[in-house]
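Student: Residue numbers (this note's numbering), protein chains in the order written: chain A, 4 to 173; chain B, 154 to 367. Heads up, the beta-carbon is just placed ideally off N, CA and C, and yes, glycines get one too.
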Amino acid sequence: MSTPQDNNMVPVEDAEQQLVAYLDGELSEDERIVVEARLADDYDYRLRLQRLERAWDMLDSLPRVEASDQFVHTTVEMISVAASQELETIQVRQKSRSWRIAAITGAAAVAAAVLGFAWISQSASRQNEELLTELPLIENMDRYQKVDEVEFLERLRSEGLFVSEVDDGV
Amino acid sequence: MSITESTAKRYELQDPDVRLMLEVRDDSAAAFEELMLRYQNRLINLMHHLMGRRDQAEDLAQEVFLRVYRSRKSYKPGSKFSTWLYTIANNVASNARRSMARRKEIQVDGGDDAGMGPANPLDRIAKAASGQMPTRVIDRAEMGEVVRLAMETLNDRQRMAVLLSKFEEMSYADIAVTMGMSVEAIKSLLSRARANLKIALEPYLEQGARPPSE
Chain A
4 MSTPQDNNMV PVEDAEQQLV AYLDGELSED ERIVVEARLA DDYDYRLRLQ
54 RLERAWDMLD SLPRVEASDQ FVHTTVEMIS VAASQELETI QVRQKSRSWR
104 IAAITGAAAV AAAVLGFAWI SQSASRQNEE LLTELPLIEN MDRYQKVDEV
154 EFLERLRSEG LFVSEVDDGV
Chain B
154 MSITESTAKR YELQDPDVRL MLEVRDDSAA AFEELMLRYQ NRLINLMHHL
204 MGRRDQAEDL AQEVFLRVYR SRKSYKPGSK FSTWLYTIAN NVASNARRSM
254 ARRKEIQVDG GDDAGMGPAN PLDRIAKAAS GQMPTRVIDR AEMGEVVRLA
304 METLNDRQRM AVLLSKFEEM SYADIAVTMG MSVEAIKSLL SRARANLKIA
354 LEPYLEQGAR PPSE
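1) Using C-beta distances below 7 Å, list every residue in its chain close to residue 325 of chain B, excluding the 5 sequence neighbours before and after it, in chain order.
2) Could you give the DSSP three-state label for residue 157 of chain B: helix, strand or coil?
3) Since residue 23 of chain A meets chain B, which of its residues come closer than 7 Å, beta carbon to beta carbon?
4) Indicate the three-state DSSP secondary structure (helix, strand or coil) for residue 354 of chain B in the structure shown.
5) State the start and end residues of the unbroken alpha helix (DSSP H) segment that holds residue 308 of chain B.
6) Given 8 Å as the limit, is there contact between the region 204-212 of chain B and the region 222-236 of chain B, that is, 3 or more CB pairs closer than that?
7) By the three-class DSSP mapping on this structure, what secondary structure does residue 233 of chain B have?
8) Should residue 62 of chain A be flagged as near chain B, meaning a C-beta pair shorter than 8 Å?
9) Using a Cβ-Cβ cut-off of 8 Å, state whether residue 85 of chain A counts as contacting chain B.
10) Sorted by chain position, which residues of the same chain lie with C-beta nearer than 7 Å to residue 203 of chain B's C-beta, five sequence neighbours on each side aside?
11) Apply the 10 Å Cβ neighbour rule to residue 346 of chain B and answer buried if 16 or more other Cβ atoms are within range, or exposed otherwise.
12) Give a yes or no on whether 8 Å exceeds the smallest Cβ distance from residue 232 of chain B to chain A.
13) Along the alpha helix (DSSP H) that carries residue 144 of chain A, what are the first and last residues, could you check?
14) Can you find a CB in chain A that lies within less than 8 Å of the CB of residue 197 of chain B?
15) What is the C-beta distance between residue 352 of chain B and residue 68 of chain A, in whole angstroms, given that I count them as a contact (C-beta under 8 Å)?
16) Just to confirm my understanding: we take residue 122 of chain A, look at its own chain, exclude 5 residues before and 5 after, and list those with CB closer than 8 Å. What are they?
17) Mind pulling the chain A residues with CB within less than 9 Å of residue 193 of chain B?
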């Protein structure tokens, strides 16, 4: 009986692993050469390989089963139930999305109305302010229109003719 | 782990089942049916040998297909289709085992499957041979039972790795992806599994009592 005493030999556990990997075609070229060299020289190693192989082949006698006639039918049924659930979820999600869109649209409309009202009120008050500022001018418009030159008006102002109007205007 | 476009493209070109799954992603019912027909028996057998019960095997295979359907929209090929499918199958089987274990905990006796006899599979293998002369070449059905019991001596991971390697002819790398382990770990796992099988089936190996051919 040969035992792995040589330094070149792998320990028993590794040797078994190498044999299995050899049988499965999972060894590199170099590893395969090492295993085959040992197989050529070592009867026990060969025997272990044969037993592993034989035990592996015996798995072929495991009973094989086939899908029952109803298998495809029941699976398809399960899938259609899943599909309709999926569709339902999508519809619920879409519905809640349209509600969300409606709510956002409503909020946007309210915000626009508030902003519009604020803007209109502000611009109206600005117009009123302008009218108030220009009130002395508006009140004397008829008189001013009778004068052709601005210089003449300037002269009248410097002589203090419009004092009361300016005070009233301010 | 994100899957690059080039990886996805490579698997799409190499694997016709990946192409079918991409059609399923685009809601093709015909492609789904085709995949189901291609894999139903393989999945049922895998589940049958993993869990040991035929009716449960069909239920679990259906669960796998349902998960495939549900995850179709997020499917991106990062491996062969079969590797992806068996990853799902592995998760489904693990979940089923966990719930079975919980149920067994609740049971007072936690008895073995339907009074199958001795709890130790090795004893049951001996019993399966019915005390017959060891030199007798047992028939295929008996051998099937002996091998089934030998499979029971393996732990869940070993059994899964053996089934994927033996019946799905998957490489260590693909089994590693499926089971979320390293290639080295799979190498070790399979070698232990095969050593265990060899021990369990030793009497039949000694006598050279090989299963009759098909």
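Tutor: Here's the rundown:
1) In the second sequence, counting from the first residue as 1, residue 325 of chain B sits at position 172. 336, 339, 340, listed in sequence order.
2) By one-based count along the second sequence, residue 157 of chain B stands at place 4. In this structure, residue 157 of chain B counts as coil in the three-state DSSP scheme.
3) For the purposes of this step, residue 23 of chain A is taken as the residue at position 20 of the first sequence. By Cβ distance, chain B contributes 343, 344, 347.
4) The residue given as residue 354 of chain B occupies position 201 in the second sequence. The answer is coil: DSSP assigns residue 354 of chain B none of H, G, I, E or B.
5) For the purposes of this step, residue 308 of chain B is taken as the residue at position 155 of the second sequence. For residue 308 of chain B, there is no enclosing alpha helix (DSSP H), as DSSP marks it with neither H nor E.
6) Under the Cβ criterion (8 Å, minimum of three pairs), the region 204-212 of chain B does not count as touching the region 222-236 of chain B.
7) Here residue 233 of chain B is taken as the residue at index 80 of the second sequence, counted from 1. Of the three classes helix, strand and coil, the one that applies to residue 233 of chain B here is coil, per DSSP.
8) Counted from its first residue, the first sequence places residue 62 of chain A at position 59. Judged by the 8 Å Cβ criterion, residue 62 of chain A is in contact with chain B.
9) The count along the first sequence starts at 1 and reaches residue 85 of chain A at position 82. Chain B has a Cβ within less than 8 Å of the Cβ of residue 85 of chain A.
10) As a working note, residue 203 of chain B is residue 50 in the second sequence. Same-chain partners within the cutoff: 246, 312, 313, 316.
11) Taking the first residue of the second sequence as position 1, residue 346 of chain B is located at position 193. With a threshold of 16 other beta carbon atoms within 10 Å, residue 346 of chain B meets it and is buried.
12) Along the second sequence, read from residue 1 onward, the residue named residue 232 of chain B stands at position 79. Interface flag for residue 232 of chain B against chain A is unset, since no Cβ pair is found closer than 8 Å.
13) Along the first sequence, one-based indexing puts residue 144 of chain A at 141. Counting along the chain, the alpha helix (DSSP H) containing residue 144 of chain A begins and ends at 144-148.
14) Here residue 197 of chain B refers to the residue found at position 44 of the second sequence. Chain A contact via Cβ: present.
15) Taking the first residue of the second sequence as 1, we reach residue 352 of chain B at position 199. Taking the first residue of the first sequence as 1, we reach residue 68 of chain A at position 65. Contact between residue 352 of chain B and residue 68 of chain A is ruled out by a C-beta separation of about 27 Å, above the 8 Å threshold.
16) Start at 1 with the first residue of the first sequence, and residue 122 of chain A comes out as number 119. Closer than 8 Å at the Cβ level, and outside the excluded window around residue 122 of chain A, lies no residue.
17) For the purposes of this step, residue 193 of chain B is identified with residue 40 of the second sequence, where counting begins at 1. Simply 69, 70, 74, 75, 78.
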